[in-house]
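A.B. asks:
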Amino acid sequence: MTRARDIADLVDANGDIVADALDNVPAADVVNDTTPQLGGDLDTNGNDVNFGDNDKATFGDGDLQIYHDALNSYIVDSGTGDLIVQGGNNVFIKDGSGNNMLRTTDGAQVRLYYGNATRLDTTSTGITVTGTVAATSYTGDGSALTGIEAGAKAWANTNQTGTQSNRDSFNIDGITDNGVGNTTLAFTNNMSNGNFSTTGQEGSTNTTGYVMQMPYASTNTSSQYQFHGFTSNRGAGADVVVINTAVHGDLA
Amino acid sequence: MATTPQFKGTHLFDRLCWAKENLEPVQSDYRVVYEDSVDECCRILSPDPNWMACALQGGILPPVWVYHELAKDEAQPDFRKHTRGYLLHETEPMEAMTEEEAIEFLILKDCPSDVVANFDKGNRRTLVICRKEQLPQQRVWRNAWRINQDLAA
Chain A
2 MTRARDIADL
12 VDANGDIVAD
22 ALDNVPAADV
32 VNDTTPQLGG
42 DLDTNGNDVN
52 FGDNDKATFG
62 DGDLQIYHDA
72 LNSYIVDSGT
82 GDLIVQGGNN
92 VFIKDGSGNN
102 MLRTTDGAQV
112 RLYYGNATRL
122 DTTSTGITVT
132 GTVAATSYTG
142 DGSALTGIEA
152 GAKAWANTNQ
162 TGTQSNRDSF
172 NIDGITDNGV
182 GNTTLAFTNN
192 MSNGNFSTTG
202 QEGSTNTTGY
212 VMQMPYASTN
222 TSSQYQFHGF
232 TSNRGAGADV
242 VVINTAVHGD
252 LA
Chain B
857 MATTPQFKGT
867 HLFDRLCWAK
877 ENLEPVQSDY
887 RVVYEDSVDE
897 CCRILSPDPN
907 WMACALQGGI
917 LPPVWVYHEL
927 AKDEAQPDFR
937 KHTRGYLLHE
947 TEPMEAMTEE
957 EAIEFLILKD
967 CPSDVVANFD
977 KGNRRTLVIC
987 RKEQLPQQRV
997 WRNAWRINQD
1007 LAA
C-alpha cells in the first residue's frame, strides 16, 4: 500500500518546498477524510457518481437536495428563493412509459395530457379543455356559457326570402326550403327524440305583419324541426325576412 | 386557421361549441334541389355556413353512417328516445372535406334516402346539385317549382 511521504521529505533546511516534492504524491484517502475538497472541476471520465438511498446531492448550503429514499425520488428546494425549471425549448414531464403528461411550449402554451391524449391547453385568451369539465362550483358571470342543460340546444336566425338561408345559427347543418314560408332545419347533433321544445319569433322588418307557426304539421324528428310563416293568423303562407327559432330539450 | 383539438370521445355538442368560437362561417354557393313527392314542389337544401366551416376544418363532424344508424333506431315502432347517441360522440370524427365532399355528405344525411337511391332511375331526374345563381332569382310561383329536366340532363 502506498503511504504519504513524510513532511520532512518535502521541505529543505530553509523550509522551502523541495523541487518536484509533490510529484508522485499518492491520492488522498477520501474514505477516511471527513472533509475532502476538490482543487478543481471533478471530471468523472465517463464514470458515474452513485448515491445510495438517502444519500443526497446538495446545492447551496443544502438549499436544494436531490435524493432517493428507497421508496421515492425527491427534488427538494427548502432554501432561499424559488425552484425554477427552465428549458431552452419545450419542457416535458412523462410517465414511466414515456407518454406525455405535461408539455410546455417555449413562449406559448402549456398542455396537459391523460393517457397521452391532450385534455387541456392554455391559450392566448384562456384555456381549451378537450373533454368533460367536472367541477363542484363555477364562478364568473357565465354570460358566454354554452351547452348547459338549461341552454338552447340549437338556434337559428333564418331568412326565408330569396334563397332561404341562416344569418347565423348553432347546431344546424342544413336549411331545406320546402316552399313558400316553409322551412326545415336539420340538427348536427341530434336531439334524443322529436319531443323537444321549440320557440320562435317572427321578426320581419317589413311593414306587413307576419305570423309564424312551429312545429309545423308535427314533422319534428330527432334530426330536424320545421316552421312556417304566414301573412296573418290562418292566412296564406309567406316568406318571412326574419324568423328566430330556438330548440330546448335533451340531446342524443 | 385554428388547429382542431383531438376530439375523439368528446361530446359532439362540445365540438360544435369549439367550432362556433374558433371557426369563421363559410357560405357555400352550392344548392341541392330534389323532389320527394309528385304532388309537391321541389325542395332546396342549403348547407349552413357554420356547419360548412366544420366540414372543411375536419376533426369535428361524425361520419354520415352514424346518422343513418340513428335514423334506423328512430324508425323502429317502439322507439322512445335515442340510446345510441354515443355514436355521435365517440366515433372517430371525419377528416377535412372539400366543399364538394361536404355537399355529398349533406345529401346523404338530409335528403330522403329513397330520393338519393333513385334520383336518376326514373323518367325524371329528382335530384340535382346546382349553384345559387342557377335558381330563380324571384320566388314567384315558388310552390310550383320543379326541376328543369333539360338543365338537369
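For the record, the sequence lines run as chains A and B. Heads up: the first sequence runs through residues 2 to 253, numbered per this note's numbering. Heads up: the second sequence runs through residues 857 to 1009, numbered per this note's numbering. For each residue, glycine too, the CB sits at the ideal point set by N, CA and C.
1) Tell me the DSSP secondary structure of residue 907/B in three-state form.
2) Here's the rule: buried if 16 or more other CB atoms are within 10 angstroms of the residue's CB, otherwise exposed. What is residue 137/A?
3) Quick check: residue 185/A and residue 214/A, are their CB atoms within less than 8 Å of each other?
4) Express the C-alpha separation of residue 234/A and residue 211/A in angstroms, rounding to a whole number.
5) Taking C-beta pairs closer than 8 Å, name the residues in chain B that residue 181/A reaches, listed in chain order.
6) Which runs of the beta strand (DSSP E) fall wholly inside the stretch 37-79 of chain A and span at least 3 residues, in chain order?
7) Quick check: the Cα distance between residue 44/A and residue 946/B, rounded to an integer number of angstroms?
8) Pull up the distance between the alpha-carbon of residue 171/A and that of residue 104/A, whole angstroms please.
9) Tell me the DSSP bridge mates of residue 983/B?
10) Return yes when the C-beta of residue 40/A is under 7 Å from any heavy atom of the ligand COA, and no when it is not.
11) Below 6 Å CB to CB, which residues in the same chain sit around residue 200/A once its five sequence neighbours on both sides are set aside?
12) Within 8 Å of any Cβ in chain A, is that where the Cβ of residue 949/B sits?
13) Using beta carbons (cut-off 8 Å, strictly below), is residue 110/A in contact with chain B?
14) Excluding the 5 residues flanking residue 963/B on each side, which residues of the same chain have their C-beta closer than 7 Å to its C-beta?
15) Can you give me, in chain order, the residues of the stretch 926-938 of chain B that have a beta carbon less than 8 Å from any beta carbon in chain A?
16) Is it the case that the Cβ atoms of residue 176/A and residue 167/A are separated by a distance below 8 Å?
C.D. replies: Once the coordinates are examined:
1) Walking along the second sequence from the start, residue 907/B turns up at place 51. Helix, per DSSP.
2) Taking the first sequence and counting its residues from 1, one reaches residue 137/A at position 136. Exposed, by the Cβ-count rule.
3) Locating residue 185/A in the first sequence gives position 184, where the first residue counts as 1. Locating residue 214/A in the first sequence gives position 213, where the first residue counts as 1. No, the pair does not count as a contact, with Cβ atoms beyond the cut-off.
4) In the first sequence, counting from the first residue as 1, residue 211/A sits at position 210. In the first sequence, counting from the first residue as 1, residue 234/A sits at position 233. Rounded to whole angstroms, residue 211/A to residue 234/A spans 8 Å at the Cα level.
5) On the first sequence, position 180 is the one that residue 181/A refers to. Per Cβ cutoff of 8 Å: 995, 998, 999.
6) 57-60, 65-69, 74-78
7) Here the question's residue 44/A lines up with position 43 in the first sequence. Here the question's residue 946/B lines up with position 90 in the second sequence. Answer to the nearest angstrom: the Cα atoms are 56 Å apart.
8) To locate residue 171/A, count along the first sequence from 1; it is residue 170. To locate residue 104/A, count along the first sequence from 1; it is residue 103. So the two alpha carbons sit approximately 33 Å from each other.
9) In the second sequence, counting from the first residue as 1, residue 983/B sits at position 127. 890/B, per the DSSP bridge assignment.
10) For the ligand COA, the structure offers nothing, since it holds no ligand at all.
11) Here residue 200/A refers to the residue found at position 199 when the first sequence is read from its first residue. Contacts found: 247.
12) What you label residue 949/B is simply residue 93 of the second sequence in a count that begins at 1. Not closer than 8 Å to any Cβ of chain A, the Cβ of residue 949/B fails to qualify, so no.
13) Start at 1 with the first residue of the first sequence, and residue 110/A comes out as number 109. Not closer than 8 Å to any Cβ of chain B, the Cβ of residue 110/A fails to qualify, so no.
14) In the second sequence, counting from the first residue as 1, residue 963/B sits at position 107. Cβ within range, chain order: 888, 972.
15) 926, 927, 930, 935, 936, 937, 938
16) On the first sequence, residue 176/A is found 175 positions in, with the first residue counted as 1. On the first sequence, residue 167/A is found 166 positions in, with the first residue counted as 1. A contact, by the Cβ cut-off of 8 Å.
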